[in-house]
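A.B. asks: My questions will all concern the structure given below.
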């Protein structure tokens, strides 16, 4: 029987136990069996990305039936607004939303019907957070980044001016070839990858994997996990090194996911 209180085991980034390659699911399957056989003594809680769990369900077969999976409810648009505004209230300054330059005819009509400044501001606030949710999705870090870029504490005394959202220009995604697109999918599935793991997934040599990964790094899409390699404090900063781990840039998780979904590479 479990002890009282029960022992709890927490594991994050379970993606590292699976590799989308021949035989790359064996460790994950053994881990799921281990969870099941030790569940009378330890309450296991493991976290894994949605895309990766879909792969595990398809490749690990019966082993996934030994554990219970729970999908977190997605962050909806009202929840994102509440999160941002609750954080902003610490500043003690009321926000003043600025009308966007590319205003739609429907929004213009709604603004014309606003009879008070509060009603006018409420409409602009709704439009701002609609755009913010569309651009950031479930990526709270990206949403906060966009919010900080949009706010100006010096423009008006006694309040914070919230300028129209100016999202990142990601048109260069359209120039990515299939090899780099599927490499992005591999990073999305596995959380981090080394050169050797990338080579094994795509059945290529290390030199080609380094070439592909460096092209993604030059575009700012992936970065080294080690801080000294990200911030240029090491001699080898900015290069792809065998044995080092690399990941998608945290700010670009949502844009990359949307790009891959648009190309029907992930669903």
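Residue numbers (the numbering used here): 849 to 1115.
Heads up, the beta-carbon is just placed ideally off N, CA and C, and yes, glycines get one too.
Only a predicted model underlies this, so the values are computations on that prediction, with no experimental measurement involved.
Is residue 1078 closer than 7 Å to residue 1084 when the C-beta atoms are compared?
C.D. replies: Result no, Cβ atoms of residue 1084 and residue 1078 do not sit closer than 7 Å.
A.B. asks: Quick one: is residue 863 buried, meaning 16 or more other Cβ sit within 10 Å of its Cβ, or exposed?
C.D. replies: It is buried - the Cβ of residue 863 has at least 16 other Cβ atoms within 10 Å.
A.B. asks: Out of 1039, 1092, 907 and 986, state which residue places its alpha-carbon closest to the alpha-carbon of residue 1103.
C.D. replies: Closest option to residue 1103, Cα to Cα, is 986.
A.B. asks: How close, in whole Å, do the beta carbons of residue 1013 and residue 983 come, if the pair is a contact with beta carbons under 8 Å?
C.D. replies: Indeed, because the Cβ distance is near 7 Å, the residues count as touching under 8 Å.
A.B. asks: Start and end of the beta strand (DSSP E) containing residue 944?
C.D. replies: Segment 943-945, the beta strand (DSSP E) holding residue 944.
A.B. asks: Can you give me the Cβ contacts of residue 1069 inside the same chain, cut-off strictly under 8 Å, excluding the 5 residues immediately before and after it?
C.D. replies: Excluding residues within five positions, the ones whose Cβ falls inside 8 Å are 1032, 1096, 1097, 1100 and 1104.
A.B. asks: Quick one: residues in its chain with C-beta nearer than 7 Å to the C-beta of residue 1035, no 5 flanking neighbours on either side, listed in chain order?
C.D. replies: Excluding residues within five positions, the ones whose Cβ falls inside 7 Å are 1041, 1070, 1095 and 1096.
A.B. asks: Hey, which unbroken runs of the alpha helix (DSSP H) at 4 residues or more fall wholly within the stretch 979-1013?
C.D. replies: Here the runs fully enclosed are 988-998.
A.B. asks: Assuming residue 930 contacts residue 890 (C-beta within less than 8 Å), just tell me the rounded distance between them.
C.D. replies: With a Cβ gap of about 36 Å, residue 930 and residue 890 do not count as contacting.
A.B. asks: Between 897, 912, 1049 and 937, which lies nearest to residue 920 when the distance is taken from Cα to Cα?
C.D. replies: Per the Cα distances, 897.
A.B. asks: How about residue 875 and residue 859: do their beta carbons lie closer than 7 Å?
C.D. replies: Contact flag unset, no.
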